[in-house]
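In the numbering used here, the protein residues as written are 6 to 232.
Even for Gly, the Cβ is constructed at its ideal location relative to N, Cα and C.
Some notes on the structure that comes next.
Here's what the structure looks like:
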């Protein structure tokens, strides 16, 4: 039987403190460095939008690492982030040979995001599995990154990085079926809590009323925005 949120005895967060005002003498280096691993042939927009989103969220320095074929397109869409060319396979996706470049970028930034528009392949899963094993890494996995993650056997056991996963309902079903034998709960809050507790990650379950939880604390963002 699935437990309710109350039965989990979780801390429900209702008020989030406002961000502090920025000091007049602050510079971009004071507000975090983000690297985003994104894009593939035909999916350059995903990489560019992810970079823009990081900037709008307040990151001071944003770098987008993307296959070298699509890099000129990504760079032309938004001049406010820098780019890193990655080795690619014959289909225009990030190849396994890009891992050293990605690890170097991870070491130079405060957090790494992986997944928007990267596609799905064995090489991408190998890259992602290497990132999961980086103990000091703060890693966010989204979009195709989650589709690759669902295909990595026992990924929670292999994860040493501080991990945030951001599934939409379809991606949640794929992640759940890869890890759990029981049926996915109908309550979205319950889905997020159980996945967070099982995988020891922060889960951001997107949708009508986004749910955020680490398995101990819980927050629901209301109201939802249509579309």
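- Residue 42 and residue 162 have their C-alpha atoms some 23 angstroms from each other.
- Counting only the Cα atoms, residue 160 lies some 8 angstroms from residue 134.
- Less than 8 angstroms divides the Cβ of residue 172 from the Cβ of residue 211.
- Comparing alpha carbon positions, the residue from 203, 228, 72, 179 closest to residue 221 is 203.
- With distances taken between CA atoms, residue 57 lies nearest to 69 out of 46, 69, 99.
- Spanning the alpha carbons of residue 80 and residue 166 requires a straight line of approximately 29 angstroms.
- Rounded to the nearest whole angstrom, the C-alpha separation of residue 103 and residue 174 is 30 angstroms.
- Residue state for residue 222 is assigned as strand, using DSSP reduced to three classes.
- Taking residue 54 as reference, the option from 137, 106, 120 with the minimal CA-CA separation is 120.
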